[in-house]
Amino acid sequence: MTPDQLLRRAAALADTDAEARWEIVVELHRRTDRETFEAACRFARAGGTAERVLGLDVLGQIGFAVDRPFLEETLPVLTAACADDRPDVIDAAVTALGHVGDHRALATILGHAGHVSDEVRFAVAGTLPRVAGDPPDPRAVAALIRLSADPDPEVRDWATFGLGSQLDADGEQVRAALAARLTDEDGDAAGEALLGLARRGDPRALAPLLAWLDDDPGNLVVEAAGVLGASEALPALLRLKESGWQLRDPMPFVLDTAIQACSAAA
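What follows is the structure, given as structure tokens:
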């Protein structure tokens, strides 16, 4: 099938079969020919929301297997789509820019960090670490700090993950933002905060770590124990080993890694 035919077929599935739609999108991602790229651009500039989102979804990862041959031509299309007034389109454009991961998109992404839509802010939180640069741009760090206190729990979770584990950023403001999330009602955000503080060797990680290890912890907490390498955590880790924790968690290997790290510190 031609690219246009595939795109039209995927667009027709937007409201009825999301899985089949994404199968077509993934097939188009693998293509590296100009015909496919130009067809995706036409859809990304279309008037209808479903068509435009579809084109953006394709452009975000087209040619990913061969170093993105259309990168320079893709960036302005994605950036222009961020000026749309429809949250679904902005969400798709920001997410696509995250897949591209080019620092030149940072200013555009930052412009949506305070968007009224939870979905757009979520996309921004996930995209910022990928366009922040190395070392990370202070503007990206500041935006993630703000988003880590967002009203939406999923936004907080992803912003805390980005701030704590994806960016190589440190300083009192970063650590204070992570420490503030230790008491977050969302367990994932709290776990990401703990891991982020552990990665920085911050002593504020130890007390909650020891408390959570005795309360059927998730793998983020166990991973944080290994990263912190605190001998005080070893007894609780050994109890988890004896309790069969590894049979219940999808990442059982983190427990052995944590035990090894904490044993070395004992």
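Oh and the sequence shown: position 207 is 207 in the UniProt record's numbering, straight run, nothing missing. Every residue, glycine too, gets a C-beta built ideally from N, C-alpha and C. Everything numeric in this text was worked out from a predicted model, so none of it was measured.
Alpha carbon of residue i to alpha carbon of residue j, nearest angstrom
i	j	result
Ala224	Arg139	27 Å
Asp67	Leu75	14 Å
Pro135	Gln166	12 Å
Leu213	Lys241	12 Å
Ala11	Asp102	27 Å
Arg31	Pro3	9 Å
Glu192	Arg45	37 Å
residue 268	Thr183	Because the chain here runs from 1 to 266, residue 268 falls outside it and cannot be looked at.
Gly55	Arg42	7 Å
Cys262	Arg248	22 Å
Gly162	Ala142	12 Å
Asp17	Ala169	41 Å
Ala236	Leu178	24 Å
Leu210	Arg239	12 Å
residue 280	Asp256	Residue 280 lies beyond the residue range present for the chain, which begins at 1 and ends at 266; the question has no answer from this structure.
Leu97	Glu73	13 Å
Arg204	Val120	32 Å
Ala233	Ala207	10 Å
Residue i (DSSP reduced to helix, strand or coil)
i	result
Leu13	coil
residue 273	A question about residue 273 goes unanswered here, because the residues of the chain that appear run from 1 up to 266.
Phe43	helix
Pro87	helix
His99	helix
Gln173	helix
Ser148	coil
residue 279	The structure shown does not extend to residue 279, since the chain spans only 1 to 266, so no value can be given for it.
Glu185	coil
Pro3	helix
Arg30	coil
Leu228	helix
Asp157	helix
Asp67	coil
Pro138	helix
Gly114	coil
Rounded distance between the beta-carbons of residue j and residue i, thought under 8 Å
i	j	result
Val94	Thr49	In fact, because the Cβ distance is near 15 Å, the residues do not count as touching under 8 Å.
Thr160	Ala132	The pair is not a contact, with the Cβ atoms about 15 Å apart (cut-off 8 Å).
Ala113	Arg146	7 Å
Arg181	Ser148	6 Å
Leu6	Glu27	7 Å
Asp57	Ala92	6 Å
Identity of the residue in the options nearest residue i by Cα
i	options	result
Leu71	Val100, Val58, Asp84, Asp33	Val100
Glu38	Gly47, Asp215, Leu59	Leu59
Cys123	Leu144, Arg104, Asp137	One detail in the question is off: residue 123 reads as Ala in this sequence, not Cys. That would be Leu144, whose Cα lies nearest to the Cα of Ala123.
Gln173	Pro151, Asp184, Asp202	Asp202
Ile62	His29, Pro87, Gly244, Arg42	His29
Gly164	Gly171, Gly187, Leu195, Ala236	Leu195
Ala14	Met251, Val53, Gly111, Gly226	Val53
Gln108	Leu228, Ala81, Pro252	Position check: residue 108 holds Thr in this sequence, whereas Gln was assumed. Of the candidates Leu228, Ala81, Pro252, the one whose C-alpha sits nearest the C-alpha of Thr108 is Ala81.
beta-carbon residue i near the ligand ATP non-hydrogen atom, thresh 8 Å
i	result
Ala207	Of ligands this structure carries none, so the ligand ATP is not represented either.
Below-9 Å beta-carbon distance, residue i vs any chain C residue
i	result
Val77	Note that chain C does not occur in the displayed structure, where there is just one protein chain.
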